[in-house]
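Written below as structure tokens is the structure these notes are about.
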Amino acid sequence: MDTTDSLDEILSCRLDLGKRLVEPCSIVIFGASGDLTARKLIPALYHLYIEKQLPNPMRIIGFARREKSDAQFREEMKAGVEQYSRTKKVDPAAWEAFSANLTYCQGEFSDPKAYLKLRDQLAGQQHEGLRKNVLFYLSTSPSQFGEIAEHLANAKLLVKGQDGKNWQRVVVEKPFGHDLASARQLNAELTRFAYEKQIYRIDHYLGKETVQNILMFRFSNAIFEQLWSRQAVDHVQLTVSEKLGVGTRGGYYEEAGALRDMVQNHLLQVLALVAMEPPVSLEAEAIRDEKVKLLKSIRPLQATQVATQVVRGQYQAGYVEGQARPAYREEQKVQPNSNVETYVAARLMIDNWRWSGVPFYLRTGKNLPFSASEVRIQFKPTPNVLFAAQCGPKLDANAITLRLQPNEGIYLRFNGKVPGTSVQVRPVRMHFSYDSEFGAYTPEAYERLLLEAIAGDATLFIRRDEVETAWAIVDPIRQAWESLPLTESEFYPAGSWGPHAADALLAERGHTWRNPQPFPTPK
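At position 459 of the sequence shown the residue is numbered 458 (numbering that gives the first Met the number 0), and the sequence of numbers has no breaks.
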């Protein structure tokens, strides 16, 4: 037996063999002239098609206001695949076969006649599945979700409930409202015309392989479960940093800010996966139940506590990787006296048995030195005897880092002796790299999410109570900041790791930020 590459037998377990098969269906994309369709949706569907993951037969109908023919729509989508897909190059024969399933339906979202035209287009399909199994993808403004759902229901295209044989599902993009009240109103509008189990709220972050691997890492490895609690963990740091500024999205950012754009969804979703209790099964509702329980365990912040537990910041002019960056207030479509935050750092406490007393530090920001998403589990320091007694603060505590992107992997940090005649101790890193172990291929998040929606698996989608609980966490923060102008201490130069107040937030409890680093790729 060759042992050069493996020290023991590798066992592998397939968990998806019992999953229900995808059934023939039609996919209707509302807002098909928009950026998301060409950049993400059609490239994802194209790759699923050439990998034989999509049902056969299937149809894709683009619905938008602009007048265009099927041929024009196909050419626009081909250009999108060539520019934005993960492989770039399009195989002519594969594209011809795929694009034969692409058609276009022109209409205003507010025009009932347009939905009758869509109904006729679906009714013209020969296969019953193409007529009655429909995934409606609402790539539109959230203000139009309710209107579109109502028109679909009136045209008998969206039926509340399922007859056991055929189905209709509605996929909606974030943002899911702009506060708790609007999120509840939006959910109420959608559930007038579809049951909750028919609504799939998509957050592309949950489609990332590394985010999905958090549950696998936690609940399939017994050695870590004993450490994953207040007994061993000192604190947790969750960082999503971006080296880009807002660019051309200044108008959107003026309405959203980092709190709504990142904390309310991406960061809280990752936090829930990292800290949740083991679900009773791998069924979608069991997993989502535990995520909601965790979010509800986060200690609510009162308005008077926001100033001491949450830090906001806004970038000023500076340099990122040697490139000059303008201040946020100098970006396009940004108010010259804007108090919108481009940086947020927060200390959250989870009031349950596992995590009582363990601070969870979340931060995200624009124009930071390095783009990365990672979770760092910082363990408690060793007792102050032996090595710790002699080294003091120079003996680093152990840590596990889950790097979500880039250089995706898991890193265990522990102390070791430096070889040589002197006695020197320093941290070393045990490094698992996705690329080295499994190869560079990882599917785009939208590929996985679209396939799951077609299959009717809601595990990676966000439930109504998840959305509303997350808004209940961030709303007091948003309200406390709304009318307050930024102070000088809340600005940070582009290219830094944020305002000094963020360092002070951790220093209060004797902690320091561990900034993500571009790890070298293992040879």
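Backbone N, C-alpha and C fix where the C-beta goes; we use that ideal spot for every residue, glycine too.
In or out: residue i buried (at least 16 other Cβ within 10 Å) or exposed?
{"i": "Ala503", "result": "exposed"}
{"i": "Tyr194", "result": "exposed"}
{"i": "Met275", "result": "buried"}
{"i": "Met429", "result": "exposed"}
{"i": "Leu281", "result": "exposed"}
{"i": "Asn186", "result": "buried"}
{"i": "Val309", "result": "buried"}
{"i": "Val279", "result": "exposed"}
{"i": "Ile222", "result": "exposed"}
{"i": "Lys131", "result": "buried"}
{"i": "Pro515", "result": "buried"}
{"i": "Phe144", "result": "buried"}
{"i": "Ala444", "result": "buried"}
{"i": "Thr511", "result": "exposed"}
Over what stretch of residues does the alpha helix (DSSP H) that includes residue i continue unbroken?
{"i": "Gln478", "result": "463 to 480"}
{"i": "Ser142", "result": "No alpha helix (DSSP H) contains Ser142, which DSSP labels as neither H nor E."}
{"i": "Ala326", "result": "From DSSP, Ala326 is part of no alpha helix (DSSP H); its letter is neither H nor E."}
{"i": "Trp94", "result": "91 to 98"}
{"i": "Ala285", "result": "283 to 296"}
{"i": "Val279", "result": "Premise fails: Val279 is in no alpha helix (DSSP H) and is neither H nor E."}
If you measure between the beta carbons of residue i and residue j, is that distance less than 8 angstroms?
{"i": "Thr400", "j": "Arg375", "result": "yes"}
{"i": "Ser84", "j": "Pro42", "result": "yes"}
{"i": "Pro23", "j": "Pro54", "result": "yes"}
{"i": "Ser138", "j": "Gly33", "result": "yes"}
{"i": "Ala37", "j": "Gln105", "result": "no"}
{"i": "Asn366", "j": "Arg324", "result": "yes"}
{"i": "Tyr433", "j": "Leu237", "result": "no"}
{"i": "Val305", "j": "Pro484", "result": "no"}
{"i": "Glu446", "j": "His203", "result": "no"}
{"i": "Arg118", "j": "Leu156", "result": "yes"}
{"i": "Glu253", "j": "Lys173", "result": "no"}
{"i": "Leu403", "j": "Leu205", "result": "no"}
{"i": "Val170", "j": "Phe135", "result": "yes"}
{"i": "Val245", "j": "Thr307", "result": "no"}
{"i": "Arg168", "j": "Arg287", "result": "no"}
{"i": "Val343", "j": "Ala257", "result": "yes"}
{"i": "Leu44", "j": "Ile201", "result": "no"}
Under DSSP, the beta strand (DSSP E) around residue i begins and ends at which residues?
{"i": "Leu53", "result": "Segment: none, Leu53 is in no beta strand (DSSP E) and carries neither H nor E."}
{"i": "Met348", "result": "342 to 348"}
{"i": "Glu75", "result": "Where Glu75 is concerned, there is no enclosing beta strand (DSSP E), although the alpha helix (DSSP H) it sits in stretches over 69 to 83."}
{"i": "Ile568", "result": "Absent from the model: residue 568. The displayed extent of the chain is 0 to 522, so no value can be given."}
{"i": "Phe437", "result": "No beta strand (DSSP E) contains Phe437, which is instead part of the alpha helix (DSSP H) from 433 to 437."}
{"i": "Ala398", "result": "398 to 404"}
{"i": "Leu361", "result": "358 to 364"}
{"i": "Arg311", "result": "309 to 315"}
{"i": "Gln377", "result": "371 to 378"}
{"i": "Val169", "result": "167 to 172"}
Which full runs of the beta strand (DSSP E) of 3+ residues lie inside the stretch 478 to 519, going along the chain? Within the stretch 478 to 519, the complete beta strand (DSSP E) runs of at least 3 residues are 490 to 492.
Cβ pair count under 8 angstroms reaching 3, the stretch 310 to 330 against the stretch 490 to 500: Touching, yes, given that three or more Cβ pairs across the two stretches are closer than 8 angstroms.
4-residue-minimum alpha helix (DSSP H) runs that sit fully inside the stretch 101 to 139, ordered along the chain: DSSP runs (the alpha helix (DSSP H)) wholly in the stretch 101 to 139: 111 to 122, 127 to 131.
Quick check: the stretch 348 to 358 against the stretch 292 to 310, are at least 3 beta-carbon pairs closer than 8 angstroms? The stretch 292 to 310 is in contact with the stretch 348 to 358.
Please confirm if the stretch 174 to 181 is in contact with the stretch 231 to 248, defined as three or more CB-CB distances below 8 angstroms between the two stretches. Taking 8 angstroms as the limit for Cβ pairs, the verdict is that the stretch 231 to 248 does not touch the stretch 174 to 181.
In the stretch 193 to 265, which residue ranges form an unbroken alpha helix (DSSP H) of at least 4 residues, counting only runs that do not cross its ends? Segments of the alpha helix (DSSP H) lying fully in the stretch 193 to 265: 208 to 218, 221 to 224, 249 to 257.
Would you check if there are 3 or more beta carbon pairs closer than 8 angstroms linking the stretch 208 to 228 to the stretch 328 to 337? Fewer than three Cβ pairs drawn from the stretch 208 to 228 and the stretch 328 to 337 lie within less than 8 angstroms of each other, which leaves the two stretches out of contact.
So, do the stretch 105 to 118 and the stretch 64 to 71 have three or more beta carbon pairs nearer to each other than 8 angstroms? These segments touch.
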